[in-house]
Structure formats: C-alpha cells, structure tokens
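> Protein chains in written order, with our numbering: chain A, 102 to 225; chain B, 102 to 225.
This structure is in structure tokens; I'll ask about it shortly.
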DNA sequence: ATAAAACTTGGAGTAAACTCCAAGTCAAGC
DNA sequence: GCTTGACTTGGAGTTTACTCCAAGTTTTAT
C-alpha cells in the first residue's frame, strides 16, 4: 500500500503520515525505490494510532509506548503503567464530556420550552 | 470577588481569566479603581465556561454564543442550532473516547494474562 | 509618605499537532 | 530522451489556547 492509499483509506493526510513516522509514532516504513510501502503490520499500527489520537492521546505518549514495545519484554511493567494511566485519563475525560453534554441538553431544553432564556440563575 | 480569588476557586490562571475576557468568552468585568470585581453572574459564566472548555468546546464557539445571547431574543434559533451542533460534536467525541478506552482495556488485559504481547495480529 | 504588594495593559513567547512549501529525485509514457 | 506526475526531504508556517513579561499604576501597611 502506498502512502496515498493509506491516506485515503484512513483519511489521514500524507504529510501527517510522514510526520508520524518522523516523530516515532509509527515504525520506519520499508521503501521500494525510496517510496514507502505500508505492510499489514504498519496498517494495523496506523489504525491503532488513529483510534488513540482521535481520543486525544498525546503523540509523545504514543511514541514512547512504541519505543517501549520495541525494547522488549523488560519494559512490560512500564508499558502496563503507561496504558493504565492513559486509560484513566480518558475515563476522566469521558466524565467531563458527559457533564458538558448534560449541561448542553439542559440548555437546549430550556430554549425549547421557554423562548426566554433568562430564567433565574441561568444567564448563559 | 477579585481575580485572584476566582483564579484560586476555579483553578484558572489570572492570565487566562483576563484572556477569556479579552476574546469575548466572558463579559467585561466591572471594575473598582480599575480592579476587576467579579459578581455572581460573572462567576456563573466562568463556571459554565470552565465546564465547556474542559470538554473541549473551542473558545471561538463559546465567544460566539455569548455574543448571540447578548444580541437578544432574535438569535434564539441560531443559539439553538449552535448548542445542538456542539452537543452532537461532544457525543461523537464521547463515542471515540469509549472506543479508545475499550481498546486500552483490552491491551491491559492482554498484558496481565500473558507477558508476551505478540499475540497474533496485535503488534502494538 | 514611602516601600512593598497587588494589580493593570499590550504584546511577545510557547507548546502541540499538524500543514504547507520549495527543491530535488525517479519511473513511466510518448 | 524528455516531459509529466508522483514521490521524496528538511524546514518553515499555521492554529489554538494559553502563558509570560516588562513597564506602569494603585493600594496597603508601616
């Protein structure tokens, strides 16, 4: 798979794919005449990265995780901690998201039920 | 309430509070000898803004919403649309978050059950 | 009244994550 | 054999959301 195909399949700009490689978020891609040929493993990585990035995991963290993975078995504990930390971060983010959604829903309902948004204590 | 008190109560830097005011995310705060005195309405605004920002709503959107509010009743439909759009954005974000969390949980479990992370098809 | 602490402003600087660009290479079609 | 088009690189530029700073003013404590 060429960079263009990957870019289209996953809606990630070619520039971004090269950038990810540069900063160690995906492994160096093997080339054919200097041109990147993405194999199955690379594709799997990219799909994983996309999922994590869309949830807001920082690039640095993901790069560090890949580095640990490539360092082998000895980094197992560290990887476990990293994954758990990130999982907890996301869970907290999900909480905040839920609160904001509930609040928006409340405001939306106010607007439906009552054109006048100036109910006591809700000036926004 | 002074800017310092608000800053401490809501864990928002003073600079950030002034910045929010500058970009129209909160209304101009009334002054006493040039010094900001935050009243109840301002505090409520700030608390709302904090909730929305922690969910990732862009500053531009929040500023636009405040502007619409201050333009009065005629902007009701537009405000409703804005709130719904943002609500939907957040809901989608929550979905992505959930997917990422599930995936991390899966990886964490793999690590617990099996030191060797190289199960078929999971190179990350 | 005067030194120290707290506040003000406008603008510059920073960090993260891209995104764009110029200049060069390389294989393929005519 | 030359042009076209896709690809490459390194580096500069952009956006968002702060965050810091210098220089000045005001308030408070002695």
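Glycine is no exception: its CB is placed at the ideal position from the N, C-alpha and C atoms.
1. Closer than 9 Å by beta-carbon distance: list the chain A residues that pair up with residue 155(B), in chain order.
2. Any Cβ of chain B within less than 8 Å of the Cβ of residue 206(A)?
3. Closer than 8 Å, CB to CB, is residue 165(B) near chain A or not?
4. To which residues of the same chain is residue 150(A) closer than 7 Å at the C-beta, ignoring the five residues directly before and after it?
5. Using the Cα positions of residue 213(B) and residue 176(B), report the straight-line distance between them to the nearest angstrom.
6. Starting from the Cα of residue 106(B), find the closest Cα among 136(B), 124(B), 129(B) and 123(B) and give me that residue.
7. If we call anything under 8 Å between Cβ atoms a contact, is residue 209(B) one with residue 181(A)?
8. How big is the Cα-Cα spacing for residue 207(B) and residue 159(A)?
9. Can you list the residues of chain A that residue 188(B) reaches, using a CB-CB cut of under 7 Å?
10. If you measure from the beta carbon of residue 222(B) to each beta carbon in chain A, is any gap under 8 Å?
11. Nearest by alpha-carbon distance to residue 165(A): which of 198(A), 187(A) and 148(A) is it?
12. Say the cut is 7 Å; is the CB of residue 192(B) nearer than that to a heavy atom of the ligand GTP?
13. Taking only beta-carbon positions, decide if residue 191(A) is within less than 8 Å of chain B.
14. Residue 184(A) versus chain B: which residues are under 8 Å apart at the beta carbon?
15. Determine, for residue 181(A), whether the minimum Cβ-Cβ distance to residues of chain B falls below 8 Å.
16. Opposite residue 136(B) in the DSSP bridges: which residues?
17. Of the residues that make up the region 167-179 of chain B, which ones have a beta carbon closer than 7 Å to any beta carbon in chain A?
18. Report all residues from its chain with a CB closer than 6 Å to the CB of residue 104(B); omit the five preceding and five following residues, and keep chain order.
19. Write down the C-beta distance between residue 142(A) and residue 199(B) rounded to the nearest angstrom, noting that I regard them as a contact closer than 8 Å.
20. Find out if the Cβ-Cβ distance for the pair residue 169(A), residue 179(A) is shorter than 8 Å.
On the basis of the data shown:
1. 194, 197, 198, 200 and 201
2. yes
3. Residue-level contact by beta carbon fails for residue 165(B) and chain A, as no gap is shorter than 8 Å.
4. 121, 126, 127 and 163
5. 55 Å
6. 136(B)
7. It is a contact, given that the beta carbons lie within the stated cut-off.
8. 20 Å
9. The answer, in chain order, is 202, 205, 206 and 209.
10. With a pLDDT of only 48 at residue 222(B), under the threshold of 50, the placement of this residue in the model should not be trusted; the figure read from the coordinates follows. Yes, residue 222(B) lies at the interface with chain A (some Cβ there is under 8 Å from its Cβ).
11. 187(A)
12. Questions concerning the ligand GTP fall outside what the structure shown contains, since it holds no ligand whatsoever.
13. yes
14. Residues of chain B with a Cβ closer than 8 Å to the Cβ of residue 184(A) are, in chain order, 205, 208, 209 and 212.
15. Taking Cβ atoms only, chain B reaches closer than 8 Å to residue 181(A), which makes this a yes.
16. 133(B)
17. Taking 7 Å as the Cβ-Cβ cut-off against chain A, the residues of the region 167-179 of chain B that qualify are 170, 174 and 177.
18. Contacts found: 115, 118 and 137.
19. Not a contact, Cβ separation roughly 26 Å.
20. The Cβ atoms of residue 169(A) and residue 179(A) sit closer than 8 Å to each other.
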